[in-house]
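Protein chains in written order, with UniProt numbering: chain A, 1 to 472; chain B, 1 to 472.
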């Protein structure tokens, strides 16, 4: 940490010159507010929070920070779950909240140009009004911003059919560590023109540049959807049913798995929905179908209903009204919060090839028994993306601090042995970085470090993230 | 060029030690054979051609070449159209043809693991046999290899619905310039675990590493398809019809545009197909629809037929038999060869947002008039990807060498002003590199160079490609 410069009053004065007085905050309350995201109860305060309002200001800011070797951590809506927006090395928290304009929705070309501070759901809704569809829909879509979604290559329920954020990004305006401004690509659907800097930036967690404009591709909005809830008497069987549905030739637009505890705990926070529960029900699948032909959706729903019988499904409930549908999805979107309210916890964002999900679930439980922790699992089963929530419950602090990381390592080793990896959609950030050598060999990490060094030689952009601590 | 080491007998002897005698060729005929691809009539001979048969041999070879600063240019099937496989700096041509195994088609997970020397169509067919679909289908799919497809992020007709090669690549085994071997990602559908080295490798034209294994994602094979041929009395109107079809909510699985000359010239080489021609017919759209419901395809075909009437379509022909369908697609796939046989030519792989296609076509013709060249245009209209074939005809050599490049620069400036870029699917390679500064600013090219330097400090991997010559 000591290679970085601590902010002095002189630095703050200069920042105020660059961004105006109202563009720089150093009061304790602001530093605390911008010193956390949604990751556990972690707080790492910056020394200043800045609010640039145009690309030239971001450029001037980075040029100055780079010359003075001051860390700069971009923050969006601070809804992240891997601690990626924490100012772990102090310095400047760069809030992109003034970059909140939808600059153009180009109906002719099914494209949109937006600033990174736009809230996901606001953008989704603006596109929908014009008959266009922006599919990525993280659980936090009502508050998270598109810039943050790009930084972590966010997913969401619809990824199972429509893919994650990076599939919709065509072109980016990016300010580099030295203040230079580039466009990474072009506004086209196919591109074989030089290195794919667009996809290098997406998922790089603010460590390679600051995104100031995004060009998205969009789809026509599907006119129909249908939501099903299927309770199962076995969580593993529910996971097996997921693969069977795809093998029947059906690609749902949502395929969510929730273990018993996940539903039970969440029902305490959501009161306008009734779902079958009871000791015999061990898991639910929440399934969405979409398209333009309502009859075809019902045909698929019937196929699913017939098929899940072989996997110990208790029933198949179809949401008949928009209100029922919304209530079920609200339930799913609240699971994370509910688990968080229940206990101190750690969330692992494991992802494996889809058909390996039953093995992953069984393995997580076995590792839990070995290390004495309880886990609540839920997530995007159609993508093989299982959120493993490890709850502290009555574990001792020592077990939590010392033993648990060994158990988490075992979970990740299992994930990798199944062809999977550490994070499907939350990113590595601060809390997963020391597990990176489980999935990548030394040569791979050396390449990633070399790219970081090439784009940000002084390491000012979001230091302390992604890369394992060197001494490990 | 003089920074590289020329091969001596001692080097060749060492290569033979590494790869066996039959793994190294230095005879004139081999050097000539591996000294060209399908780009114009260019020949740049290597000093040796090598044929490693496993990743360890590739690793040993690169380690040795790197230590001795010998250029290494990977070659696939040499069907490329941008000169990317030419040994412009001599050294070693690294043929991947012994890497021709389909290692696994994993039906449970809709994935496959293959070696890069497998021919595209062979892989496509092997997947199809198991009910699985690998969509990318470049015109040369009968001979091009998957490794080459990755190197240039190849497209093909089906990209309009299914996307290009990079959308199907989950994970890569890559040998780095220094001989280190890495896996870039994981075998998962979503991944937020470090930098996206997978997508950095795809499209990098063999300049960042040598791909030795590929993990693809696959789709269920659609059971039905339907091919339409639509002749138009105006090429620009045909281009306008393309956008109108998408706006009607139809996403065809093929949407190919062919100007009059492209069809007329190709008909000389394909004799088992009859298409309407004549002076009044200025262009054709070849349209494919696919899915699992034959009735739905006919419904969409009727919508298209009604819609194209407004754009001066002469007729709508539906291929009634598989033979007719195959003949039409064979015609389309042969256009490139036909143009090549007709005259000395240069092909530009322009790509713009789809709705800008009419403007691009008009602009290309205007620029042609200004500089005195004739162009034949065809390509993947649904993606905005227009192949502009400039034929030498009776242009003087001087006009061809000196004036034409200025005209091409104007075409690319037009492309960029429309939101497009230099290459949609052929890559930059050797022949487009000096146009790169039309689309990228200095800071962007500096980033690309820095990445190249970080991964290949001595610049041995496919030198002389992608980056503009420094003196320009």
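From the three backbone atoms N, C-alpha and C, an ideal C-beta is built for every residue, glycine too.
DSSP places residue 442 of chain A in the helix class (H, G or I) of the three-state scheme.
Secondary structure note for residue 226 of chain B: its beta strand (DSSP E) is the uninterrupted segment 224-232. Taken in chain order, the members of the stretch 185-207 of chain A whose beta-carbon sits within less than 8 Å of a beta-carbon on chain B are 185, 186, 187, 188, 189, 190, 191, 192, 193, 194, 195, 196, 197, 199, 200, 202, 203 and 204. In this structure the stretch 247-263 of chain B touches the stretch 375-393 of chain B; the number of beta carbon pairs closer than 8 Å is three or more. Counting the other Cβ atoms within 10 Å of the Cβ of residue 322 of chain B gives fewer than 16, which makes it exposed. Of B:187, B:111 and B:82, the smallest CA-CA separation from residue 153 of chain B is found for B:82. Rounded to whole angstroms, the separation of the alpha carbons of residue 157 of chain A and residue 173 of chain A is 28 Å.
For residue 195 of chain A, the secondary structure class from DSSP, reduced to helix, strand or coil, is coil. Among the CB atoms of chain B, none fall inside 9 Å of the CB of residue 88 of chain A. Note on residue 217 of chain B: 16 or more other CB atoms within 10 angstroms of its CB, so buried under the neighbour-count rule.
At a cut-off of 9 Å between C-beta atoms, residue 459 of chain A does not count as an interface residue with respect to chain B.
By the rule that beta-carbons nearer than 9 Å mark a contact, residue 251 of chain A touches chain B. Excluding its 5 nearest sequence neighbours in each direction, residue 68 of chain A has C-beta neighbours in its own chain below 7 Å: 5 and 11, listed in chain order.
In the structure shown, residue 432 of chain A falls within a coil segment according to DSSP collapsed to helix, strand and coil. Contact between residue 42 of chain A and residue 73 of chain A does not hold, since the beta-carbon distance rounds to 13 Å and is not under 8 Å. If you ignore the 5 residues before and after residue 292 of chain B, its C-beta comes within less than 8 Å of the C-beta of 222, 223 and 224, all in its own chain and listed in chain order. In the structure shown, residue 190 of chain B adopts coil according to DSSP, grouped into three states. Annotated three-state conformation of residue 217 of chain A is strand, per DSSP. Going by DSSP, residue 147 of chain A is part of the alpha helix (DSSP H) stretching over 146-151. Burial of residue 421 of chain A is indicated by the presence of at least 16 other C-beta atoms within 10 angstroms of its C-beta. Taking CB atoms only, residue 470 of chain A has no neighbour in chain B less than 9 Å away. Residue 178 of chain A has its alpha-carbon roughly 46 Å from the corresponding atom of residue 220 of chain B. Straight-line spacing of the CA atoms in residue 377 of chain A and residue 193 of chain A works out to 42 Å. At a Cβ-Cβ threshold of 9 Å, residue 358 of chain A and residue 281 of chain A do not count as neighbours. Within chain B, the residues placing a beta-carbon under 7 Å from that of residue 152 of chain A are 192, ordered along the chain. Classified as exposed, residue 442 of chain B has fewer than 16 neighbouring CB atoms from the shown chains inside 10 Å of its CB. Secondary structure note for residue 85 of chain B: it is in no alpha helix (DSSP H), with a DSSP letter that is neither H nor E. The beta carbon of residue 333 of chain B does not come within 9 Å of any beta carbon belonging to chain A, so the residue lies off that interface.
By the neighbour-count criterion, in which a residue is buried when 16 or more other Cβ atoms sit within 10 angstroms of its Cβ, residue 166 of chain B is buried. Residue burial is scored here from C-beta neighbours: residue 20 of chain B has fewer than 16 other C-beta atoms within 10 angstroms and is therefore classed as exposed. Look at the stretch 403-432 of chain B: the residues with a C-beta under 7 Å from a C-beta of chain A are 419, 420, 421, 422, 423, 424, 425, 426, 427 and 428. The beta-bridge partner set that DSSP reports for residue 106 of chain A consists of A:111. Taking residue 103 of chain B as reference, the option from B:390, B:113 and B:424 with the minimal CA-CA separation is B:113. If the five residues before and after residue 202 of chain B are omitted, its C-beta is found closer than 7 Å to the C-beta atoms of 150, 153, 165, 166 and 169, all from its own chain and listed in chain order. Residue 425 of chain B and residue 388 of chain B have their C-alpha atoms spaced approximately 13 Å apart. In this structure, DSSP gives residue 373 of chain A a state outside helix and strand, which the three-state scheme calls coil.
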